[in-house]
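Okay, structure first, notes after.
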Amino acid sequence: MNPVAVVAYSQSECRADAGAMNEVEMIMPQLQAVYEQVGIDNAQDVDFVCSGSCDYLQGAAFAFVAGVDALGAVPPICESHVEMDAAWALYEAILKIRAGHAQSALIYGFGKSSPGELPTVLSQQLDPYYLAPLWVDSIALAALQARLMLDSGAISERDMAAVVSRARRSARNNPAAQFAGDATIEEVLSEPYYLSPLRRSDCCPVSDGASAMIICTVDQARAWGCPYALITGIDHRIETHHLTLRDLCDSSSTRQAAQTAGAGEGHIDTAELYAPFSHQEIILRRSLSLPSDCIVNPSGGVLAGNLMMASGLSRVGEVFRRIVAGDSTRGLAHATSGPCLQHNLVAVLEAA
Amino acid sequence: MAEQAAVIGIGQTRYSSKRGDVSIAGLVREAAQAALTDAELTWADIDAVVLGKAPDMFEGVIMPECYLVDALGGHGKPMLRVHTAGSVGGSTAVVAASHVQSGTFQRVLAVTFEKQSESNAMWALSNPQPFSVHLNAGAGGYFAPIIREYIRRSGAPADVGIKVAVKDRRQGARNPLSHLQLPDITEEEVAQSMMLWDPIRFLEACPSSDGACAMVIASEALSKVAPRKPAWIRGAAMRSEPTMYAGRDEVDPRAGRDCAADVYAQAGVTDPRRDLDCAEVYVPFSWYEPMWLENLGFADTGQGWKLTLEGATALDGGDIPWNCSGGVLSSNPIGASGMIRFAEAARQVRGDAGDHQVEGARLALGHAYGGGAQFFAMWIVGTEK
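So the sequence lines, in the order shown, correspond to chains A and B.
Sequential numbering from 378 applies to the first sequence in the working numbering.
Sequential numbering from 4 applies to the second sequence in the working numbering.
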């Protein structure tokens, strides 16, 4: 593929409860931030806009319609929406650019999960006839997956705690993080179980917020004259919904997506993985065969704060930031959707 | 630049108020399998799946691609879920087309559905929101005042909507898939049906339907060797504007005009009434035919109703037949309704629309709109590239 340039990215703080702030108020500061990074005025200055959100977080059909209010879409704009994490909105925007239908695109994702009970809400993502009526929540399914990993000897609880400890330490450098600190492995292990074998800190927090990004052709990036990183490959794959038909200790769809995105065609020095539970980071690292010197989740990942519908896009944004800062030359970003890592997206970013 | 793409397979379920014989998965599978059969393909021939439907709150399944992946043969493939309100059926086709036009995929399966019998659209559209005015009206209540304003501005006679309701149902009776089969419907019957939201009577409103629609969209090389005549995508466009802003014209939304201008420019259409052979346009309430005739440039502002009264939009004897399939007024599985328009436009240029075929159709418009008449998706398909 022709590389697509990432020229701007911004993410809000991850807040446990954004209070009376509505979705438009969460989105607008991020849009302003990316406009400023590129030096444009508003969404009229890009060719295409695509967003990711979920009606069920807001409890309203057409929740994304309000998002359009944040765009200043007068006169009307070319705009689309996925009911998925905004990483998939990024994917749709890249297709538009590849097809020559757009030279530039604005992507944003937002979620205000605090008013609802997120794990319970997500149980309604399951087969509506056989599984959803059981109200098995997302944490319970992740706990089953972790138990499988532990029982098969693929990981230890110490391995999980090590993921948490590193995430908390890395998050100290991330001003947007909800959770950051100095937790040692022993301290994590001393926590009581929340839903065995998961401890609270094995689970990502529930966070409110939004993120936004601007991408464009390389020519447009040069014309704008701002620093950029290149997305040299991107792909996503979904797996069967039947948990018993999947190897839950592996992520075949992540591996498949990474292969198509060309992840193996060079050294990956940085990876931002969307792993809402500590053991899932280990599954992803192994499925991706990341080299031992690869820095994983330098932002703290989503264990430091999980903006539903935006965290996947933010993973791409975090890699972009590190490349532009000169801390990375070739990084991998990953996004996930569905129970137990059912659907996965991988993007490869390189220094320009 | 963009690769050429074409529709090489179309599959639809029959539309009815309740498909109790199938699950949601069974419903989408039926349409998808029909599209594959039409294209003489198997599941393995599909590179990616694009799914569209109206809000998840209708059926209560969040991000239903997670559940429907198996029914749609998506395991191990990219699967994207589009949601752009009522225009989603059209947007899904546009997004599926860009999968191919980008050169990334060779054959993409696009599927849309709604199972309104397992859903409560009125509830889903009316639940109260913090910091917002509560609207407990559903779509009819929302659009009725806009229609009244159209009538006030244009001076259209009161029976225009009735005529559209009769025309679309009679045309729908020539489409065996139509939900409503009313071959003998009369203007008197429509006029006497209950007034729901003045001026929209019961028989001037779309039904609530179960149903799914699917298309296989393929690259130029594969379309050329497809078993059936491809419907070439000559243009595709989307536009959005906010629900409310100072100076917004809700009767004649600028987003609709801009979207039409974009798709016409791509397809080389300068006079839609002359250049197009037929159109499948999202008309959920009868009066939206004259309103969209103007918005889409088939008639000057304030003149759209004259085309309807002259019979210009009728399959029999009209020069620019609209909604030969019966349109949304005859079948309305909301999330699929836009794609049905796009697919029926493709059927017309493939020449396989059966009893509702427009003789010799070579260029057709598919149109969908949603939200507060603020999201638009359109494409033009033709017999030639």
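From the three backbone atoms N, C-alpha and C, an ideal C-beta is built for every residue, glycine too.
These numbers come from a predicted model, not from an experiment.
TODO: Give the secondary structure of A:S533 by DSSP, where H, G and I count as helix, E and B as strand, and everything else as coil.
DONE: Stepping through the first sequence from its first residue, residue 533 of chain A is reached at position 156. DSSP places A:S533 in coil when its eight states are reduced to three.
Task: Cβ neighbours of A:K473 in the same chain (closer than 7 angstroms, five flanking residues each side left out) - done: Looking up residue 473 of chain A in the first sequence gives position 96. Same-chain partners within the cutoff: F425, A479, A482.
TODO: Note down the Cα distance separating B:G307 from B:V111, rounded to an integer number of angstroms.
DONE: Mapped onto the second sequence, residue 307 of chain B falls at position 304. Mapped onto the second sequence, residue 111 of chain B falls at position 108. Approximately 37 angstroms, taken between the alpha carbons.
Task: Separation of B:T316 from B:E191, as counted between CA atoms - done: On the second sequence, position 188 is the one that residue 191 of chain B refers to. On the second sequence, position 313 is the one that residue 316 of chain B refers to. The alpha-carbon atoms of B:E191 and B:T316 are separated by roughly 20 angstroms.
Open item on the list: Our contact map puts A:D579 next to A:S655 with C-beta atoms below 8 angstroms; I'd like the distance itself, whole angstroms only.
Closed with: Taking the first sequence and counting its residues from 1, the one referred to as residue 579 of chain A is at position 202. Taking the first sequence and counting its residues from 1, the one referred to as residue 655 of chain A is at position 278. With a beta-carbon spacing of about 4 angstroms, A:D579 and A:S655 fall inside the 8 angstroms limit used to define contacts.
Open item on the list: With a threshold of 8 angstroms between beta-carbons, can A:H711 be considered close to chain B, or not?
Closed with: Taking the first sequence and counting its residues from 1, one reaches residue 711 of chain A at position 334. False, the Cβ-Cβ gap to chain B never drops below 8 angstroms.
- [ ] Taking only the alpha-carbon atoms, compute the straight-line gap between B:Q174 and B:A349 and give it to the nearest angstrom.
- [x] Position 171 of the second sequence, counted from the start, is the residue given in the question as residue 174 of chain B. Position 346 of the second sequence, counted from the start, is the residue given in the question as residue 349 of chain B. Looking at the two C-alpha atoms, the distance is approximately 17 angstroms.
Task: Sheet register partners of B:W46 (DSSP bridge) - done: To locate residue 46 of chain B, count along the second sequence from 1; it is residue 43. According to DSSP, which records beta bridges pairwise, B:W46 is partnered with nothing at all.
Open item on the list: Need the endpoints of the beta strand (DSSP E) that A:T609 sits in, please.
Closed with: Translated into positions along the first sequence, residue 609 of chain A becomes position 232. From DSSP, the beta strand (DSSP E) with A:T609 extends over 606-615.
TODO: Would you list the one or two residues that DSSP bridges to B:K118?
DONE: On the second sequence, residue 118 of chain B is found 115 positions in, with the first residue counted as 1. Answer is B:D213, bridged to B:K118.
Task: Contact between the region 24-43 of chain B and the region 68-75 of chain B (3+ Cβ pairs under 8 angstroms) - done: yes
Open item on the list: Only counting the same chain, and skipping five residues up and downstream in sequence, which positions put a Cβ closer than 7 angstroms to that of A:L435?
Closed with: If you number the first sequence from 1, residue 435 of chain A lands on position 58. With the sequence shown as reference, residue 435 of chain A is identified as Gln, and Leu is not the correct amino acid for it. Here the set comprises E400, K489.
Task: Same chain only: Cβ atoms within 6 angstroms of A:A438, ignoring 5 sequence neighbours per side - done: Along the first sequence, one-based indexing puts residue 438 of chain A at 61. The answer, listed in chain order, is D432.
TODO: Could you pull the start and end residues of the beta strand (DSSP E) that A:E649 belongs to?
DONE: To locate residue 649 of chain A, count along the first sequence from 1; it is residue 272. That run of the beta strand (DSSP E) goes 647-649.
Open item on the list: Using beta carbons (cut-off 8 angstroms, strictly below), is A:Y485 in contact with chain B?
Closed with: Along the first sequence, read from residue 1 onward, the residue named residue 485 of chain A stands at position 108. It does not: the Cβ of A:Y485 has no partner Cβ on chain B nearer than 8 angstroms.
TODO: For the alpha helix (DSSP H) containing B:L39, list its first residue and its last residue.
DONE: By one-based count along the second sequence, residue 39 of chain B stands at place 36. Per DSSP, B:L39 belongs to the alpha helix (DSSP H) from 27-41.
- [ ] Please state if the CB of A:L661 and the CB of A:S628 are separated by a distance shorter than 8 angstroms.
- [x] To locate residue 628 of chain A, count along the first sequence from 1; it is residue 251. To locate residue 661 of chain A, count along the first sequence from 1; it is residue 284. Yes, the pair counts as a contact, with Cβ atoms nearer than the cut-off.
Task: Cα-Cα separation, B:S157 to B:D252 - done: As a working mapping, residue 157 of chain B is identified with position 154 in the second sequence. As a working mapping, residue 252 of chain B is identified with position 249 in the second sequence. Between the alpha carbons of B:S157 and B:D252 lies a distance of about 14 angstroms.
- [ ] Would you tell me roughly how many angstroms separate the C-alpha atoms of B:G93 and B:A99, rounded to the nearest one?
- [x] Numbered from 1 along the second sequence, position 90 holds the residue referred to as residue 93 of chain B. Numbered from 1 along the second sequence, position 96 holds the residue referred to as residue 99 of chain B. Between B:G93 and B:A99, the C-alpha separation is close to 10 angstroms.
TODO: Give the single residue among A:G715, A:L680, A:V411 whose Cα lies nearest to the Cα of A:Y485.
DONE: As a working note, residue 485 of chain A is residue 108 in the first sequence. Distance from the Cα of A:Y485 is smallest, within the candidate group A:G715, A:L680, A:V411, for A:V411.
TODO: Would you mind working out which of A:E727, A:M685, A:S664 sits nearest A:S749, comparing C-alpha positions?
DONE: This structure cannot settle anything about residue 749 of chain A, because the visible part of chain A is limited to 378 through 729.
Open item on the list: Here's a check: name, in chain order, each residue in its chain whose Cβ is nearer than 6 angstroms to the Cβ of B:I383, leaving out the five neighbours to either side.
Closed with: Mapped onto the second sequence, residue 383 of chain B falls at position 380. R237, G238, V266, A270, L368.
TODO: Please confirm whether any heavy atom of the ligand MN lies closer than 7 angstroms to the CB of B:S196.
DONE: You won't find the ligand MN in this model; it holds no ligand whatsoever.
TODO: Could you tell me the distance, in whole angstroms, from the CA atom of B:D261 to the CA atom of B:V254?
DONE: In the second sequence, the residue the question calls residue 261 of chain B occupies position 258. In the second sequence, the residue the question calls residue 254 of chain B occupies position 251. Each residue's alpha carbon lies about 14 angstroms from the other.
TODO: Consider the Cβ of A:E642: report whether some Cβ of chain B lies at a distance smaller than 8 angstroms.
DONE: Along the first sequence, read from residue 1 onward, the residue named residue 642 of chain A stands at position 265. No, its Cβ sits nowhere closer than 8 angstroms to a Cβ of chain B.
- [ ] Kindly indicate which three-state DSSP category B:L183 falls into: helix, strand or coil?
- [x] As a first step, residue 183 of chain B must be located in the second sequence, where it is residue number 180. Coil, per DSSP.
TODO: Compute the beta-carbon to beta-carbon distance between A:S688 and A:D462, rounded to the nearest angstrom, for a pair I have assumed lies under 8 angstroms.
DONE: On the first sequence, position 311 is the one that residue 688 of chain A refers to. On the first sequence, position 85 is the one that residue 462 of chain A refers to. Confirmed, Cβ separation roughly 7 angstroms.
Task: Residues of its chain near A:A710, where Cβ-Cβ distance is below 6 angstroms and the 5 sequence neighbours each way are ignored - done: Position 333 of the first sequence, counted from the start, is the residue given in the question as residue 710 of chain A. Within the same chain, Cβ atoms closer than 6 angstroms to the Cβ of A:A710 are found at E649, R692, V693, V696, A724, the five residues on either side in sequence being excluded.
- [ ] Could you tell me whether any Cβ in chain A is nearer than 8 angstroms to the Cβ of B:H370?
- [x] As a position in the second sequence, residue 370 of chain B is number 367, starting the count at 1. It does not: the Cβ of B:H370 has no partner Cβ on chain A nearer than 8 angstroms.
Open item on the list: Rounded to whole angstroms, what is the Cα-Cα separation between A:L763 and A:C455?
Closed with: Only positions 378 to 729 of chain A appear in this structure, which leaves residue 763 of chain A out of reach.
Open item on the list: Against B:I337, what residues of chain A qualify as contacts under a CB-to-CB distance less than 7 angstroms, listed in chain order?
Closed with: As a working note, residue 337 of chain B is residue 334 in the second sequence. Under the 7 angstroms cutoff, chain A gives no residues; its nearest Cβ is about 10 angstroms from B:I337.
Open item on the list: Can you tell me which residues form a DSSP beta bridge with B:E283?
Closed with: In the second sequence, residue 283 of chain B corresponds to position 280, counting from 1. In DSSP, B:E283 forms a bridge with B:G369.
Task: A:L722 versus B:E347 - alpha carbon distance - done: Taking the first residue of the first sequence as position 1, residue 722 of chain A is located at position 345. Taking the first residue of the second sequence as position 1, residue 347 of chain B is located at position 344. Cα atoms of A:L722 and B:E347: separation of roughly 34 angstroms, rounded to the nearest angstrom.
Task: Sequence-distant residues of its chain with Cβ nearer than 6 angstroms to A:D394 (five each side left out) - done: If you number the first sequence from 1, residue 394 of chain A lands on position 17. S491.
Open item on the list: Please classify B:W200 as buried or exposed, where buried requires at least 16 neighbouring CB atoms within 10 angstroms.
Closed with: Start at 1 with the first residue of the second sequence, and residue 200 of chain B comes out as number 197. The residue in question, B:W200, is buried, as its Cβ has 16 or more Cβ neighbours within 10 Å.
Open item on the list: I need the boundaries of the alpha helix (DSSP H) containing B:A8, first residue and last residue.
Closed with: In the second sequence, the residue the question calls residue 8 of chain B occupies position 5. Counting along the chain, B:A8 falls outside any alpha helix (DSSP H), though it belongs to the beta strand (DSSP E) covering 8-15.
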